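Sequential numbering of the sequence shown, starting at 0, is according to numbering that gives the first Met the number 0.
Ideal Cβ positions, reconstructed from N, Cα and C, are used throughout, including at glycine.
Computed from a predicted structure; not experimentally measured.
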Amino acid sequence: MNATIIVSLGFLIVVFVVLISFLVILKHIKLVIKYNRLSKYLYNYLNVIISARYGNLKSRCEDGVDALTIQLSRNTNALMESVFDRDMMINEYIEREKESQNIKQDFISSLAHDFKVPIIAQDNTYDLLLQNNFGELTQIQKDVIKNLKISNNDLKNLVVDLLDAHKFEGNELELNIENTDLITLIKEVILQNQSILQIRNKEINFSTNIDKCIYPIDSFMIKRVLNNLISNAVFYGKNSRNIDIDFLKTENCIKISITDYGDGINENEIKNIFRKYYTSAKKYANIGAGLGLYIANKIILKHGGKINACNIKDKGARFTIELPL
């Protein structure tokens, strides 16, 4: 009797242990399955987030494995759709702005081109008057016409700046590179500015450590840069009649510096004076359109060089062009 009871109890214990083990194993199987589903879900969720990071806003999260992850997926998808809609709106706005900007640039280019023709005709008329082609003029009349010619030249430069600014924006400006003697070129520019120098009672002192320097440049464009910098020095170098142009050739580069004796440049504005249409620094913006230094900088960059500005103690401002050797 006792043996039968013991056997029965043993059997019940074994059945109980097996049952418990089965339940534990079943629970673990469910946990493994849930873990695998959760891992797969998280992997998909991570891929969607990474895709969004790199600009793919069309990917969507799969449904989660429980109430919490389902809610997370739905909220994330809603967020992605909202970001996608806003991205579409921003792109449409940018396209409209580009189209509007192109229309403005084309209008400016067309208008500047139309202005250029009568300005050149007027300039030629001044030359004919100064050559007495319409009769002898008094010295006072000639001086007045010279001043008008200078103003007309400023207007012509402004129109050319507008055209070139448009070309630079569209990467349309091509350089005509030829080997040129920079020393001779600088002397030519100084000679071309003699009338302005005389009227403003200015004198350019040119200093160089060599007699000749052949360098591949677009001579017309480099002359524009030099004319712009000399014009700034003439108009804003108030404290002296002297303007210094220094030419220095080193082992690594060529440096052309133009120094005036004015009040210098506000230190807060130096970093901005080469920006397009920057006019809060009225000084050194030349005619006032804020294009002269912008174009000068673009031309020098196009030649592989750089241009910078700084203040010289008791000497005003100095603009330095560096061209690499």
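With respect to the alpha helix (DSSP H) encompassing residue 234, which residues constitute its N-terminal and C-terminal limits?
Within the sequence shown, residue 234 is the residue found at index 235, counting from 1. Where residue 234 is concerned, the enclosing alpha helix (DSSP H) stretches over 218-235.
According to DSSP, is residue 73 part of a helix, a strand, or is it coil?
For the purposes of this step, residue 73 is taken as residue 74 along the sequence shown, with counting starting at 1. In this structure, residue 73 counts as helix in the three-state DSSP scheme.
Can you give me the start and stop residues for the alpha helix (DSSP H) that residue 291 sits inside?
Along the sequence shown, one-based indexing puts residue 291 at 292. Judged by DSSP secondary structure, residue 291 falls within the alpha helix (DSSP H) whose first and last residues are 291-301.
Between residue 224 and residue 261, what straight-line distance do the alpha-carbon atoms span, to the nearest angstrom?
If you number the sequence shown from 1, residue 224 lands on position 225. If you number the sequence shown from 1, residue 261 lands on position 262. Whole-angstrom Cα-Cα distance: 20 Å.
Determine the burial state of residue 40: buried for a count of at least 16 other Cβ atoms within 10 Å of its Cβ, exposed for fewer.
Numbered from 1 along the sequence shown, position 41 holds the residue referred to as residue 40. Here residue 40 is buried. Its C-beta has 16 or more other C-beta atoms within 10 Å.
Look at residue 60 and residue 76 and say whether their C-beta atoms are less than 8 Å apart.
Numbered from 1 along the sequence shown, position 61 holds the residue referred to as residue 60. Numbered from 1 along the sequence shown, position 77 holds the residue referred to as residue 76. Yes, these two residues count as a Cβ contact at 8 Å.
For the alpha helix (DSSP H) that residue 189 lies in, which residues bound it at each end?
Locating residue 189 in the sequence shown gives position 190, where the first residue counts as 1. For residue 189, the enclosing alpha helix (DSSP H) begins and ends at 181-191.
Give me whichever residues DSSP pairs with residue 315 in a beta bridge.
As a first step, residue 315 must be located in the sequence shown, where it is residue number 316. Note: residue 315 sits in a beta bridge opposite 311.
Counterpart residues of residue 321 in DSSP-defined beta bridges:
Sequence index remark: in the sequence shown, residue 321 carries index 322 (1-based). Within the DSSP secondary-structure output, residue 321 pairs in a beta bridge with 254, 305.
Let me see if you follow: with CB-CB separation under 8 Å, is residue 39 close to chain D or not?
Structure shown: chain D not included; a single protein chain is present.
Taking 8 Å as the threshold (C-beta atoms), are residue 308 and residue 269 in contact?
As a working note, residue 269 is residue 270 in the sequence shown. As a working note, residue 308 is residue 309 in the sequence shown. Taking 8 Å as the cut-off, the beta carbon of residue 269 is found closer than this to the beta carbon of residue 308.
Per DSSP, which residues does residue 39 bridge with? Please list them.
Here residue 39 refers to the residue found at position 40 of the sequence shown. Note: residue 39 sits in no beta bridge, so no partner.
To the nearest angstrom, report how far apart residue 176 and residue 303 are at their CA atoms.
Mapped onto the sequence shown, residue 176 falls at position 177. Mapped onto the sequence shown, residue 303 falls at position 304. Residue 176 and residue 303: Cα-Cα distance of roughly 12 Å.
Using 8 Å as the threshold, is the stretch 207-220 in touch with the stretch 231-249, meaning 3 or more CB pairs across them?
With a cut-off of 8 Å, the stretch 231-249 and the stretch 207-220 count as touching, because enough Cβ pairs lie within range.
Can you give me the Cβ contacts of residue 256 inside the same chain, cut-off strictly under 6 Å, excluding the 5 residues immediately before and after it?
Counted from its first residue, the sequence shown places residue 256 at position 257. Answer for residue 256: 245, 317, 319, listed in chain order.
Please state whether the Cβ-Cβ distance between residue 198 and residue 146 is less than 8 Å.
Locating residue 198 in the sequence shown gives position 199, where the first residue counts as 1. Locating residue 146 in the sequence shown gives position 147, where the first residue counts as 1. Yes. Within cutoff.
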